[in-house]
Structures are given as C-alpha cells and as structure tokens.
Amino acid sequence: MTRRRSVVESPVYLVLMGICGFWAAASSGSPVYLRVLGGVFGTFCVVALAVDFVKERRRKRAAADL
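Laid out in structure tokens, this is it:
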C-alpha cells in the first residue's frame, strides 16, 4: 500500500522554497543576515530535493528488481 504525500513533502514545494530562499539571498534590499539565511535555506532545499530524488530512484529500482 502506498502512502500519499502531503503538499509539503512534494518535490515541487521544495523547488518553490528553494527559489524563495535564493531570491531572498539575491535581494540587495535585504539585510545581510537575511541574505545569508536565504542562501542557507535555498541550499538546504536543493540538497533535500537531491536526497528525495535519490530515495525515489532507489525505491523504483528495488520495486523493479522484485
């Protein structure tokens, strides 16, 4: 039985949050601490998205081997 993902767990949500983080980091009107936090958050989202893709790929490969 497969478990449905919530919207927050979807890859599209991570992409959106990553874009928001990098947008905040690139915004010259933001204070320095917000730009740094935005860059860290954007990087975290990219890493989480890569981990999610690797897990999904492994899961599909394991299902195909059965």
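When we follow the working numbering, the leftmost residue of the sequence shown carries the number 342, and every step to the right adds one. We put the beta carbon where it would ideally sit given N, CA and C, even for glycine.
DSSP three-state assignment for residue i, whether helix, strand or coil
{"i": "residue 357", "result": "helix"}
{"i": "residue 344", "result": "coil"}
{"i": "residue 379", "result": "helix"}
{"i": "residue 362", "result": "helix"}
Neighbourhood of residue i by C-beta distance below 8 Å, restricted to the same chain and skipping five residues each side
{"i": "residue 371", "result": "365 and 379"}
{"i": "residue 393", "result": "352 and 355"}
Cβ-based neighbour list, residue i, same chain, cut-off 7 Å, excluding 5 preceding and 5 following
{"i": "residue 387", "result": "359"}
Nearest-angstrom Cα separation, counted from residue j out to residue i
{"i": "residue 399", "j": "residue 406", "result": "11 Å"}
{"i": "residue 348", "j": "residue 369", "result": "31 Å"}
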